[in-house]
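In the working numbering, the protein residues as written are 12 to 146.
Here's what the structure looks like:
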């Protein structure tokens, strides 16, 4: 699909994560979170996770964008944002994360808000909390 067609087909709310290396990021999303890769190249990836489409863009694709200078600031990306996805078995995700060498921020556990979830950090420092409702 041409980039312009993809852009026109996007939902009203979408997620775009800027990453240092698209190809190094894909295994986290594919192997740990079980996302489906719809398209990927060195600059861009379109993925789907639990029915939500999202994108990864390589940093260098934003070199003329106002965000580019912010990417040079030292520190974890995404600090202050927690990406939550319901419907992913947190214990299975934690097991896959351990096998992949992914940083586990918080092991799978039950929370008072009615979720059992695990918190994982992707290769660029974005925090993902994935889990299921406690029956």
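Think of the CB as a built atom: it goes at the ideal place given N, C-alpha and C, for glycine as much as any other residue.
Query                                                                                                                                                                              : Result
What do you get for residue 144, buried or exposed, if any count of 16 or more other CB atoms within 10 angstroms of its CB means buried?                                          : exposed
Residues in its own chain within less than 6 Å of residue 150 by CB, not counting five upstream and five downstream?                                                               : Here the chain covers residues 12 to 146 and nothing more, so residue 150 does not appear.
Sorted by chain position, which residues of the same chain lie with C-beta nearer than 7 Å to residue 93's C-beta, five sequence neighbours on each side aside?                    : 138, 140
For the segment 27-35 against the segment 65-79, are there 3 or more C-beta pairs whose distance is under 8 Å?                                                                     : yes
Give me, in chain order, the residues of the same chain whose beta-carbon lies closer than 7 Å to that of residue 98; leave out the 5 immediate sequence neighbours on both sides. : 61, 143
Can you give me the C-alpha to C-alpha distance between residue 74 and residue 135, rounded to a whole angstrom?                                                                   : 17 Å
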